[in-house]
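Novice: Here it is, the structure in full.
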Amino acid sequence: MAKDLSPSTHPLTPPLTEEVWLDWLRLLRSRRVGVTTFFRLMDEHGSAARALEVLPSVAATAGVPDYRPCDMKAVRAEWQAALQAGATPIAFGSDAYPALLGEIPDPPPILWCIGDPSLLQRPMIALVGARNASSVGTRMARRLATDLGAAGHVVVSGLARGIDTAAHLAALDTGTVAVMAGGVDVVYPAENAVLGQEIQDKGLRISESPMSLVAQARHFPRRNRIVSGLARAVIVVEAAAKSGSLITAAPRSTRAATSSRSPATPSTPAPRAATC
């Protein structure tokens, strides 16, 4: 990893056994434990197992009495659901974890993957935009995705309607990664079920969310940070000023990478875009 989130006392070691994977999942799924807290606890206590032991006392000190970590039954259920769906986990700190994603301030500790995880080791460009895309914008997205694939880039997008769909379709044969807001085993929107299966067969679907989670509006901003974090650059086609697509592109400004907005035509303002 280019960025070491636990450089001081306990260097983070990725899970090597199912038992340790379950500990990581249990800590990450525990109430009030987000990404930042996960890495802090791992740094302070050296392992997820030890962090889980002290978590109730840590919570009590923070004013949360009677705290209990995530039920192990729920964690085992997620693990079994992943096995049944053909999903495999990738942990922060492992060789399989995408290097650029590891550089963002809050990289997901675990990514669930269905498809070809080797795509995460290739150069990636994100192509996102309006759900209610015009025909011109859709054609532009397809052309961009085709050209990017021909140049050796994997096209990353969010499997939403409109521009995302066009980008994935055009890049199926050259490499595409769909970042899911909900569980990696739940294709959203439902109308993209066939495309989701095609990406599973030819590309890769990934998510940090628990298995079987149905995407809701609050999940999309966190999905968007992964889309951006994976990519060397973000290309936005037909996005409104306050759209989720431009929020996706914003983190690129913290790196030496390019964010490009592509309107439908040079003289036509972009249509209003929906949240995700």
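Taken in order, the sequence shown gives residues -3 to 272; the numbers are from my numbering.
Each residue gets a CB set at the ideal place from its N, CA and C atoms; glycine is no exception.
All values derive from a computational prediction rather than experimental measurement.
Leaving aside the five residues before and after Leu21 along the sequence, list all residues of the same chain whose C-beta is less than 6 Å from its C-beta, in chain order.
Specialist: Counting only Cβ-Cβ distances below 6 Å, and skipping sequence neighbours, we find Val71.
Novice: Leaving out the 5 sequence neighbours to the left and right, which residues in its chain are closer than 6 Å to Thr170 when beta-carbon positions are compared?
Specialist: Once the five neighbours on either side are set aside, the close Cβ partners of Thr170 are Gly145.
Novice: With distances taken Cα to Cα, identify the nearest neighbour of Thr13 among Pro85, Ala156, Pro105 and Ala73.
Specialist: Ranking Pro85, Ala156, Pro105 and Ala73 by Cα distance to Thr13 puts Pro85 first.
Novice: Quick check on this structure: which residue in Ala189, Trp17, Arg135 and Val232 has the alpha carbon closest to the alpha carbon of Phe88?
Specialist: Selected option, being the one with the closest Cα: Trp17.
Novice: Measure the beta-carbon distance from Arg138 to Ala166 and round it to whole angstroms, keeping in mind my assumption that it falls under 8 Å.
Specialist: Indeed, because the Cβ distance is near 4 Å, the residues count as touching under 8 Å.
Novice: Going by C-alpha distance, which of Ser205, Gln196 and Thr161 is nearest Asn188?
Specialist: Asn188 has its Cα closest to that of Thr161, out of Ser205, Gln196 and Thr161.
Novice: Should Val223 and Ser114 be called a contact, given that it needs their Cβ atoms to be closer than 8 Å?
Specialist: Contact: no.
Novice: Mind checking Glu234: buried by the 16 CB within 10 Å criterion, or exposed?
Specialist: Burial call: buried.
Novice: Please state the DSSP three-state secondary structure of Gly145.
Specialist: Helix, per DSSP.
Novice: Could you give the DSSP three-state label for Leu155: helix, strand or coil?
Specialist: In the structure shown, Leu155 sits in coil (DSSP, three-state: anything other than H, G, I, E or B).
Novice: Measure the alpha-carbon distance for Val31 versus Pro105 and round it to whole angstroms.
Specialist: Their Cα atoms are separated by approximately 7 Å.
Novice: Excluding five sequence neighbours on each side, which residues of the same chain lie with their C-beta closer than 7 Å to the C-beta of Trp108?
Specialist: Answer for Trp108: Ala78, Ala83, Pro85, Val180, Ile202, Ser203 and Met207, listed in chain order.
Novice: With DSSP as the reference, please indicate the residues paired to Met120 in a beta bridge.
Specialist: In DSSP, Met120 forms a bridge with Val150.
Novice: Is there a C-beta anywhere in chain D that falls below 8 Å from the one on Glu187?
Specialist: Chain labels in this structure do not include chain D; a single protein chain is all it has.
Novice: By how many angstroms is the C-alpha of Leu168 removed from the C-alpha of Ile159?
Specialist: Roughly 14 Å separates the two Cα atoms.
Novice: Is Ile110 near Gly225, with beta carbons less than 8 Å apart?
Specialist: In this structure, Gly225 does not lie closer than 8 Å to Ile110 by Cβ.
Novice: Rounded to whole angstroms, what is the Cα-Cα separation between Pro119 and Thr57?
Specialist: Whole-angstrom Cα-Cα distance: 45 Å.
Novice: Closest to Val150 by C-alpha separation, out of Ala229, Leu8, Ser205 and Glu74, would be which residue?
Specialist: Of the listed residues, the one whose Cα sits closest to Val150 is Ala229.
Novice: Considering only the alpha carbon of each residue, which of Arg214, His164, Ala141 and Ala211 lies closest to Gly199?
Specialist: Residue His164 is the option with its Cα nearest to Gly199.
Novice: Just to confirm before moving on: does the CB-CB distance between Asp19 and Ala45 stay below 8 Å?
Specialist: It is a contact, given that the beta carbons lie within the stated cut-off.
Novice: Kindly indicate which residue of Pro10, Glu194, Ala177 and Arg135 has the alpha-carbon position closest to the one of Leu209.
Specialist: Per the Cα distances, Ala177.
Novice: Just checking my contact of Phe34 with Leu24 at CB under 8 Å: how many whole Å lie between their CB atoms?
Specialist: That pair is a contact at about 5 Å.
Novice: In the DSSP assignment, the beta strand (DSSP E) including Gly111 goes from what residue to what residue?
Specialist: First-last of the beta strand (DSSP E) with Gly111: Ile106 to Gly111.
Novice: Using the rule of at least 16 other Cβ atoms within 10 Å of the residue's Cβ for burial, across every protein chain shown, is Pro7 buried or exposed?
Specialist: So Pro7 counts as exposed.
Novice: Give me the Cα-Cα distance between Glu194 and Val173, rounded to the nearest whole angstrom.
Specialist: Rounded to the nearest angstrom, the two C-alpha atoms are 11 Å apart.
Novice: Select from Val232, Ala227 and Val183 the residue whose C-alpha is nearest the C-alpha of Gly98.
Specialist: The option with the nearest alpha carbon to Gly98 is Ala227.
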